[in-house]
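Trainee: Let me begin by handing over the structure; questions about it come next.
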Amino acid sequence: SCIRAARPALGMNVLIQQMKPFIDCLRENDIFTGIPDDVLLKLEKTGEMPTKPFDQEENIIKEGTHTKYIYFIRRGSCQVEIHSFNGTIKFKSAVSGMVGLESIMSQKYRSTCVAEAIVIAHSLKAASLLKLFQAFSEFEQKFWIRYFSEFVFMMVE
38 SCIRAARPAL
48 GMNVLIQQMK
58 PFIDCLREND
68 IFTGIPDDVL
78 LKLEKTGEMP
88 TKPFDQEENI
98 IKEGTHTKYI
108 YFIRRGSCQV
118 EIHSFNGTIK
128 FKSAVSGMVG
138 LESIMSQKYR
148 STCVAEAIVI
158 AHSLKAASLL
168 KLFQAFSEFE
178 QKFWIRYFSE
188 FVFMMVE
């Protein structure tokens, strides 16, 4: 599995140094701090966490659609709009923000997230995220604390 931590070989150390910007970017989001560099590197190299660019005013996620990705904002910001029984909630998600959390629960997106300018995001399939949870319990705890502190209103309908 691509998420198991292994002792890096000499070649792996060189690869980790070359991918340092990717790893450093993920480390900006404190939930990734407990995951070894070689595991994060494998997420990128195996295509499980590709970098995706979004143009200004492009939808990153759209309410009512169903996809399997959660997005971690690397550069730029997006406007998030959520419709609930209390009305419309709008907020900005910037660097280190997460959008698309409904994918973890295999639900349709309940929000729309539109890039305010060019946005660079890392996408991660919900299945890969669940594997990380199994391998790194500290990561799972940090993730859910962040989820509930920032997005608890999304779960109320």
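Numbered according to my numbering, the sequence shown spans residues 38 to 194.
Note that CB positions come from ideal geometry on N, CA and C, so glycine has one too.
1. State the beta-bridge partners of residue 185 as determined by DSSP.
2. Within 10 angstroms of the Cβ of residue 185, are there 16 or more other Cβ atoms? Answer buried if so, exposed if not.
3. Taking the continuous beta strand (DSSP E) assigned at residue 129, which residues delimit it?
4. Report yes or no: do three or more beta-carbon pairs, one from the stretch 149-160 and one from the stretch 98-108, lie closer than 8 angstroms?
5. How about residue 113 and residue 155: do their beta carbons lie closer than 8 angstroms?
6. Determine the closest residue to residue 157 out of 87, 164, 125 and 83, with distance taken between C-alpha atoms.
7. Could you check the C-alpha separation between residue 81 and residue 66 for me, to the nearest Å?
8. Look at the Cβ atom of residue 176, then the Cβ atom of residue 68, and state whether they are nearer than 8 angstroms.
9. Mark residue 122 as exposed unless 16 or more other C-beta atoms lie within 10 angstroms of its C-beta, in which case mark it buried.
10. Chain D beta carbons: is any one of them nearer than 8 angstroms to that of residue 66?
11. Just reading off the alpha helix (DSSP H) that residue 89 is part of, what are its end residues?
Mentor: Result, derived from the coordinates:
1. As a first step, residue 185 is located in the sequence shown; it is residue number 148 there, counting from the start. BP columns for residue 185 are empty, so no partner.
2. In the sequence shown, residue 185 corresponds to position 148, counting from 1. Under this definition residue 185 is an exposed residue.
3. Stepping through the sequence shown from its first residue, residue 129 is reached at position 92. First-last of the beta strand (DSSP E) with residue 129: 124-130.
4. The answer is yes - the stretch 98-108 touches the stretch 149-160, with three or more Cβ pairs under 8 angstroms.
5. Along the sequence shown, read from residue 1 onward, the residue named residue 113 stands at position 76. Along the sequence shown, read from residue 1 onward, the residue named residue 155 stands at position 118. With respect to the 8 angstroms criterion, residue 113 and residue 155 are classified as neighbours on the basis of their beta carbons.
6. Position 120 of the sequence shown, counting from 1, holds the residue named residue 157. With distances taken between Cα atoms, residue 157 lies closest to 87.
7. As a working mapping, residue 81 is identified with position 44 in the sequence shown. As a working mapping, residue 66 is identified with position 29 in the sequence shown. Straight-line Cα distance between these residues: approximately 16 angstroms.
8. Position 139 of the sequence shown holds residue 176. Position 31 of the sequence shown holds residue 68. Closer than 8 angstroms, so yes.
9. Within the sequence shown, residue 122 is the residue found at index 85, counting from 1. Residue 122 is exposed by the Cβ-count criterion.
10. Note that chain D does not occur in the displayed structure, where there is just one protein chain.
11. Here residue 89 refers to the residue found at position 52 of the sequence shown. Unbroken run through residue 89 is the beta strand (DSSP E), 88-91; no alpha helix (DSSP H).
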